[in-house]
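S.K.: Mapping of the sequence shown onto the numbering used here: residues -19 to 933, in sequence order.
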Amino acid sequence: MDISLPEAELNWWVKHLCRYFSNLQDIGGGFAAEIFQDALFKELSDKDDEGKLQLKEIRTATELLHAVQCCMDLATKKSSLSETSHLKEALEEIIPSSESHERSSAMTLDPIYSAVRLGDTKTQIRLIKLLPGLQRDPVNIELITVDSVSSQAYEALSYVWGSPDSKLIIEVNGRPFEVTANLHDALSCLRQSDEERVLWVDAICINQVHDLEKSSQVSMMGDIYRNAADVVIFLGKEGDGSAMVMQYLDLEDVEEADMGPPESEIPAPTSTRQKWQKETERDFREARLIEARIQRCGFDSARFLEAADAFLKRHWWSRMWTVQEHALAKNEPRWYCGRTWTSTKHLRDRIGQLNTYLLHRAQPMVGDLTVFTSAKIDIGREFIRIAERASTIKMQLMERTPLQNSAQPTHFLIRLAYRKSTDPRDRIYALREMLDPISKYVFMPDYSVSAEDVFLKLTAFVLCHDKFGNIYTYYETNRNPDLPSWVLDFTKPFSMHGVSHLSRYMKERVSAPEASSGPPLESREIKAQWSKRVSPLSIYNRVLSVTGVEIDIIDHTANLEIETDIRRLGLVWKLEGLIQKHHPSRFLPESAKPFLPPSCLIPFPHPLRAHLDTLGSELVGLQFGSTGTIPGYFHIWAEMMKIQCNMSPLTAVENLKCEKWEQDAFSRSWEMRYGRLSRLYGAFYETYAAETLLGGACFDFPNLKKQILSVELPERNPLQPAEGINSTDTKLADNGNYIPQYSQIKNILLQCRSKEELALFKKTAIDLAEVCCGLVSVHIAKQGPPGTQIIAELKSTVLNYFTTQLSSFRSICENCTCKGDTRAKHQALLKEKVAAAQEDLSKAEEKVEYFSRFKMEGLQQSNDMSQTVTRQYTSMFVTSLGLFGVSFQPQAGFTIGCKVVVLDGIPAPVVLERVDGLRWRMKGAAHVVGIAKIDVEKLVELGIFKRSQFHVV
């Protein structure tokens, strides 16, 4: 099979293979000397005039493809000492000859396919004639063969198979034939009443149980869709409000007089802030257009949002095969939902806007919560999925571009990471017709090869030849013991939240050159900000040999893959305390500190949240300082305000009446007691402390209660200030686990002036903690009261309290019976209290109005969003130097002693576990806080970090 490449691209590949061949000798050969005796290696190599090994001369694209295939065989085969791979044999193995296909076809017992057998599998295809009929008539089709994709005009159907458990019967050439319910719906909706319709439908035109035929026909699908007269896209049958969405998509646009200035009239941004402002203005303008369309259609906003969400959830938008089917159509496809259709232009212009609008409109505290809360969309738990869906649909509609047939696999594996396929092998086979020529032939469809071997080959190709090591920031490493640990599982992408963290180390080079000047994505290669070298790696016999830098050793780990939210959130909360107080076991010399900023090391400064903001919010969703992280936080806040309105009788307003005021300087003791009790309540609102009382009450109640009860007043002069407790103390249990120390509340208790007051304060603190703990359990179980009830009770209690308090202060002031200097002091205090109470009442009214306006349900959704983010983290670790890292890799299995390493060509750090002297096992990529700010090379020079070779098995 001959292929052709532009000269510039051929030259680039040759140069790259020469470099890779050198790596095979220098790195791979240094670990496995038998490579030099390998028949495949010998087939690749030649000797120069001085007798040194070099890559055999490559003059044509066919020879280049053969060399790449040899490299792939060297990388992926467990043993290849006596094997030789020839291009012709490899291609014949993938695309069998007509004779071998006929022999295999003879084994096929299906009478339908036996009657319409394919002769030449490299050119012939089957088509169906969808016979006319009415809507409720049985579906009848005639299956025929044609000599080529250009022999007869036909339409190609793009759809999703649907559940294999839901099957219906149609007639094919007079015989019963099972199809999925979704295909049955498609044929019923597309059937015409008065004439037949000629279609290509994969589930019928390809014998799906015949691997050789399936491999051959799938390799032709690019030509099938390119040559179709039209591509018909079937999104599914009508339902879930889809008629509203189709009407909306097909509506002629509204007048734009009131929509603000056109985007073309908005000045070009000159700063990041201006760019953000322009994007915001564009979003608002699009939102007004969408709302105007909804209004013109006469739809209820909430019901339309629900219908739009259901429409965008349809499986066609998330399947891998549909990208190629849409992208390769020579004419703009028609989009059917049931029997209704719309044009590509209308859909392309509006569906992306609608997805973005839905995401922004439903954001708690940002969108219109009145619309949102009446639309039944669980944005709190699904906002990451909705964001991923928005990205997926956007990429889908962008792929009809000149980039087709020129991109390497990683381009699509990244852009289409959240697409799905029933067969894992289709993660690459479904992209094949859009790839560059070399990649296209390397990944010829072969369904006799297991998905594991396909992923092994794909990962090896990406590492060795695609030059996109950042693929490790998008996909999990596999957990199959039969595969090397460095092989990626392309069915399991990281969430967008994980990718946003793992990709922090990357930057984009200058814009891409024209395709004719080399591989189109070469100059857009993503590199680590602190890595400037070309990756010297090789793969031989499934061992990845690569250079890199040893950063540090893991000292402390925590697994966050816990079955319950309450336990996981509690562990996260404890870890936050640890990273603010724990001291590393290895200290950085002064000479190295300019190259490893202190902000990258624990203990992180207080407050943690503000510190993380300076690092670009690198642990979004982890800082427990975010009030939305605690389940039911706003309900807790409301209950605490209500309790605070019923303070101890010792601090009641009546104690400021004249007879009390004149007794033993009671004003001073009242002020102190009131201040201490206020601080006690306030301690439960503190969100920046390492060991928050609210967190302790929710997740560490037994320990918190024990420490509260253990506080005793020391013997001291009543006028002497109490001695405080050091808030930086750290305590570890015998097993090394961190034990929170509640120094803040202990110091408040130590300010008490008597044992009776201490006992009262202890009881108050424990009662408050029990309230918090109980409310969290209620909200974890989703049994909290309606938001309207919480707000109504809060409003009644709080406003009544502050109104009564203000009235009481005024009454005492008016009825004061004190004389002389005492009266002047008493009146001054009371006037101060009246002013403070007036201010408190105004603030209370504002807070209640705030909660009433945004609605408690919206605040609960915000809480759910925070928990959703927290669930993305699977484990955390602290290194001996004090670097803090997190993983998004399920079953990461990080253990004490594992190494955090930056491998050349892979921008995110990875964690390696030693197998034996030279071999390592990859546990997965990790996000290390602040590492992008570290000067790795300087620290290597100083001996803090170490450059090494790693052989990953």
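The C-beta atom is built at its ideal place from N, Cα and C for all residues, glycine as well. Note that the structure is predicted; figures quoted are calculated from it, not measured.
Grab me the residues of R851's own chain with a C-beta within less than 7 Å of its C-beta, minus the 5 sequence neighbours each way, in chain order.
M.R.: Walking along the sequence shown from the start, residue 851 turns up at place 871. Hits under 7 Å: none found.
S.K.: When burial is assigned at 16 or more other CB atoms within 10 Å of the CB, is H615 buried or exposed?
M.R.: For the purposes of this step, residue 615 is taken as residue 635 along the sequence shown, with counting starting at 1. The residue is buried, with at least 16 neighbouring Cβ atoms inside 10 Å.
S.K.: Judging by CA-CA distance, which residue of Y0, I149, K622 is the nearest neighbour of L774?
M.R.: As a working mapping, residue 774 is identified with position 794 in the sequence shown. Ranking Y0, I149, K622 by Cα distance to L774 puts K622 first.
S.K.: Which word fits M378, buried or exposed, when buried means at least 16 other C-beta atoms lie within 10 angstroms of its C-beta?
M.R.: For the purposes of this step, residue 378 is taken as the residue at position 398 of the sequence shown. Exposed, because fewer than 16 other Cβ atoms sit within 10 Å of the Cβ of M378.
S.K.: With the cut-off set at 8 Å, would you say W180 and L163 are in Cβ contact?
M.R.: Start at 1 with the first residue of the sequence shown, and residue 180 comes out as number 200. Start at 1 with the first residue of the sequence shown, and residue 163 comes out as number 183. The answer is no: Cβ separation not under 8 Å.
S.K.: Find the nearest neighbour of Y454 within the set G478, A440, C796, judged by alpha-carbon distance.
M.R.: By 1-based counting over the sequence shown, the position of residue 454 is 474. Ranking G478, A440, C796 by Cα distance to Y454 puts G478 first.
S.K.: Helix, strand or coil: which one does DSSP assign to D6?
M.R.: Counting from 1 along the sequence shown, the entry for residue 6 is found at position 26. D6: helix per DSSP, three-state reduction.
S.K.: What is the residue span of the alpha helix (DSSP H) that E619 lies within?
M.R.: To locate residue 619, count along the sequence shown from 1; it is residue 639. That run of the alpha helix (DSSP H) goes 613 to 624.
S.K.: Could you check what DSSP says for P765 in three-state terms: helix, strand or coil?
M.R.: As a first step, residue 765 is located in the sequence shown; it is residue number 785 there, counting from the start. DSSP places P765 in coil when its eight states are reduced to three.
S.K.: On the DSSP letters alone, give me the boundaries of the beta strand (DSSP E) that P473 sits inside.
M.R.: Locating residue 473 in the sequence shown gives position 493, counting from the first residue. Segment 468 to 473, the beta strand (DSSP E) holding P473.
S.K.: For the beta strand (DSSP E) holding R894, just list the boundary residues, first then last.
M.R.: Here the question's residue 894 lines up with position 914 in the sequence shown. Counting along the chain, the beta strand (DSSP E) containing R894 begins and ends at 890 to 894.
S.K.: Would you mind stating whether R399 and S298 have Cβ atoms separated by less than 8 Å?
M.R.: Here residue 399 refers to the residue found at position 419 of the sequence shown. Here residue 298 refers to the residue found at position 318 of the sequence shown. Their beta carbons are under 8 Å apart, which means R399 touches S298 by this criterion.
S.K.: Between which two residues does the alpha helix (DSSP H) holding E193 run?
M.R.: Walking along the sequence shown from the start, residue 193 turns up at place 213. Residues 191 to 198.
S.K.: At what residues does the alpha helix (DSSP H) containing D289 begin and finish?
M.R.: As a position in the sequence shown, residue 289 is number 309, starting the count at 1. 281 to 292 is the span of the alpha helix (DSSP H), which, as asked, contains D289.
S.K.: In the DSSP assignment, the alpha helix (DSSP H) including W301 goes from what residue to what residue?
M.R.: Within the sequence shown, the letter at position 321 stands for residue 301. Run containing W301: 301 to 307, per the alpha helix (DSSP H) assignment.
S.K.: Looking at D230 and T322, is the spacing between their C-beta atoms short of 8 Å?
M.R.: Residue mapping note: residue 322 aligns to position 342 of the sequence shown, counting from 1. Residue mapping note: residue 230 aligns to position 250 of the sequence shown, counting from 1. For T322 and D230, yes; Cβs fall inside 8 Å.
S.K.: Among L338, C678, Y316, C638, whose alpha-carbon lies nearest the alpha-carbon of I610?
M.R.: Numbered from 1 along the sequence shown, position 630 holds the residue referred to as residue 610. The candidate whose alpha carbon is nearest that of I610 is C678.
S.K.: Count the other CB atoms within 10 Å of the CB of G877; is the residue buried (16 or more) or exposed (fewer)?
M.R.: As a working note, residue 877 is residue 897 in the sequence shown. The residue in question, G877, is exposed, as its Cβ has fewer than 16 Cβ neighbours within 10 Å.
S.K.: Under three-state DSSP, which class holds Q960?
M.R.: Look at the range of the chain in this structure, -19 to 933, and you will see that residue 960 is not part of it.
S.K.: Contact defined as beta carbons within less than 8 Å: I believe D884 pairs with V526. What is the distance between those atoms, to the nearest angstrom?
M.R.: Numbered from 1 along the sequence shown, position 904 holds the residue referred to as residue 884. Numbered from 1 along the sequence shown, position 546 holds the residue referred to as residue 526. Between V526 and D884 the Cβ distance is about 6 Å, and since that is below 8 Å, they are a contact.
S.K.: Using the Cα positions of V916 and A355, report the straight-line distance between them to the nearest angstrom.
M.R.: What you label residue 916 is simply residue 936 of the sequence shown in a count that begins at 1. What you label residue 355 is simply residue 375 of the sequence shown in a count that begins at 1. So the alpha carbons of these two residues sit roughly 50 Å apart.
S.K.: Among V933, R39, S196, which one has its Cα closest to the Cα of D426?
M.R.: By 1-based counting over the sequence shown, the position of residue 426 is 446. Comparing Cα-Cα distances from D426 to each of V933, R39, S196, the minimum goes to S196.
S.K.: Quick check on the burial criterion: 16 or more other C-beta atoms within 10 angstroms. Buried or exposed for N(-9)?
M.R.: By one-based count along the sequence shown, residue -9 stands at place 11. Exposed: under 16 other Cβ atoms inside 10 Å.
S.K.: Can you give the Cα-Cα distance for V882 and R548, rounded to whole angstroms?
M.R.: Looking up residue 882 in the sequence shown gives position 902. Looking up residue 548 in the sequence shown gives position 568. Rounded to whole angstroms, V882 to R548 spans 29 Å at the Cα level.
S.K.: Tell me the residue span of the beta strand (DSSP E) that contains I146.
M.R.: Counting from one through the sequence shown, the residue named residue 146 turns up at place 166. Going by the sequence as given, residue 146 is Ser instead of Ile. Where S146 is concerned, there is no enclosing beta strand (DSSP E), given that its DSSP letter is neither H nor E.
S.K.: Please list the terminal residues of the continuous beta strand (DSSP E) segment that includes R901.
M.R.: Within the sequence shown, the letter at position 921 stands for residue 901. Taken as a continuous stretch (DSSP letters only), the beta strand (DSSP E) holding R901 covers 899 to 905.
S.K.: In or out: D18 buried (at least 16 other Cβ within 10 Å) or exposed?
M.R.: As a position in the sequence shown, residue 18 is number 38, starting the count at 1. Classification for D18: buried.
S.K.: Can you have a look at C(-2) and say buried or exposed, based on whether 16 or more other CB atoms are within 10 angstroms of its CB?
M.R.: Here residue -2 refers to the residue found at position 18 of the sequence shown. C(-2) is exposed by the Cβ-count criterion.
S.K.: What does the alpha-carbon distance come out to for the pair Q687 and L657?
M.R.: In the sequence shown, the residue the question calls residue 687 occupies position 707. In the sequence shown, the residue the question calls residue 657 occupies position 677. One C-alpha to the other measures close to 18 Å.
S.K.: Using CA atoms only, rank isn't needed, just tell me which of C51, E286, L334, E218 is closest to L269.
M.R.: Here residue 269 refers to the residue found at position 289 when the sequence shown is read from its first residue. When each option's Cα is compared against that of L269, the closest is L334.
S.K.: Which two residues bound the contiguous beta strand (DSSP E) that contains F679?
M.R.: Locating residue 679 in the sequence shown gives position 699, counting from the first residue. Unbroken run through F679 is the alpha helix (DSSP H), 673 to 679; no beta strand (DSSP E).
S.K.: Does the beta carbon of L411 sit closer than 8 Å to a beta carbon anywhere in chain B?
M.R.: The structure shown contains no chain B; it holds only a single protein chain.
S.K.: In whole angstroms, what separates the C-alpha of I728 from that of I746?
M.R.: Here the question's residue 728 lines up with position 748 in the sequence shown. Here the question's residue 746 lines up with position 766 in the sequence shown. Cα-Cα distance, rounded: 14 Å.
S.K.: Whether or not the stretch 796 to 804 and the stretch 760 to 775 are in contact is what I'm after, with contact meaning three or more pairs of Cβ atoms, one per stretch, closer than 8 Å; do they touch?
M.R.: At 8 Å Cβ cutoff, the stretches do not touch.
S.K.: Going along the chain, which unbroken runs of the beta strand (DSSP E) with 3 or more residues stay wholly within the stretch 775 to 851?
M.R.: Here no run is fully enclosed.
S.K.: In its own chain, which residues sit with a C-beta less than 7 Å from the C-beta of V96, not counting the 5 before and 5 after it?
M.R.: Position 116 of the sequence shown, counted from the start, is the residue given in the question as residue 96. Around V96: R106, L123, I124, T125.
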